[in-house]
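For the sequence shown, our numbering gives the first residue as 22, with consecutive numbering after it.
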Amino acid sequence: MTDLSTHTREDVLNAFAMDFEPGAGVLQRYLSQYPEYSLQLVDLARELSREFDDDSSLSADDLAAVDAGMRRLQKASISLHTLQAAPAKTFTDAVKTLGLPIQVGLALRECRIEASTVSSRALAKLARALDATVEVLLAHLALPPQTSQLRASKSSTKPVAAEKVSLERILREAGCDEDALSKFLNDE
Numbered sequence: 022m023t024d025l026s027t028h029t030r031e032d033v034l035n036a037f038a039m040d041f042e043p044g045a046g047v048l049q050r051y052l053s054q055y056p057e058y059s060l061q062l063v064d065l066a067r068e069l070s071r072e073f074d075d076d077s078s079l080s081a082d083d084l085a086a087v088d089a090g091m092r093r094l095q096k097a098s099i100s101l102h103t104l105q106a107a108p109a110k111t112f113t114d115a116v117k118t119l120g121l122p123i124q125v126g127l128a129l130r131e132c133r134i135e136a137s138t139v140s141s142r143a144l145a146k147l148a149r150a151l152d153a154t155v156e157v158l159l160a161h162l163a164l165p166p167q168t169s170q171l172r173a174s175k176s177s178t179k180p181v182a183a184e185k186v187s188l189e190r191i192l193r194e195a196g197c198d199e200d201a202l203s204k205f206l207n208d209e
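Okay, structure coming up:
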């Protein structure tokens, strides 16, 4: 079992599904480590323990459920670890699709945006553009701010420690006009 202390509920449930063996004490171990996910872990354990009759064929409803599940898996959103390891291009491409300046993508990647300054509507848009869930994006933004080593090595002045700033400040510093600011930042 891996250390999942910084992972989301989805990461914990995925790890549990991979580790699960009926009667092996895996459920107890996960319940003691992650009591906040106890209901989901018990439901998943029940689902994984279900008996199936291999000789019977699937009904149309069962096939539709399997197809829907496969589509969800194929479109699976990225995890916090994947988002942390993603190259800058992933973030800059995502913000370009939203019509935002590249500086926003770099600030996202470096965790320099204060999550509380981003509206729920804007968070949803950013998460969708990154193929992530809002929860994963919030967990990413909650990480300590980082300074890009590549940009620091190209600087003619000594870099200062990165700090969290509002999304509005980053947009203003990137030269966004008032209409673009209002359109993206408001929850309307």
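Every residue, glycine too, gets a C-beta built ideally from N, C-alpha and C.
Item, Value
"C-beta contact flag for aspartate 32 and serine 77 at 8 Å", "no"
"Stretch pair the segment 112-125 + the segment 60-74: three plus CB contacts closer than 8 Å", "no"
"Boundaries (first-last residue) of the alpha helix (DSSP H) holding glutamate 131", "Glutamate 131 -> no alpha helix (DSSP H), and no H or E assigned at all."
"Short Cβ contact (8 Å threshold) for leucine 148 with leucine 158", "A small fix is needed here, since residue 148 is alanine in this sequence, not leucine. Going by C-beta atoms, alanine 148 is nearer than 8 Å to leucine 158."
"Whole-angstrom distance between glutamate 131 and glutamate 184, CA atom to CA atom", "10 Å"
"Residues of its chain near glutamate 189, where Cβ-Cβ distance is below 7 Å and the 5 sequence neighbours each way are ignored", "Thr138, Leu202, Leu206"
"C-alpha distance - leucine 48 paired with asparagine 35, whole-angstrom precision", "13 Å"
"Beta carbon of leucine 164 nearer than 8 Å to that of alanine 115", "no"
"Counted within 10 angstroms of its Cβ, other Cβ atoms place leucine 129 as buried (16 or more) or exposed", "buried"
"heavy atom of the ligand MN below 7 Å from aspartate 88 C-beta", "In the structure shown, the ligand MN is absent, as is every other ligand, since no ligand is present at all."
"Anticipated Cβ contact below 8 Å, glutamate 135 with serine 53, distance rounded", "Contact flag wrong, Cβ pair sits at about 34 Å."
"Check whether threonine 113 and leucine 104 have beta carbons under 8 Å apart", "no"
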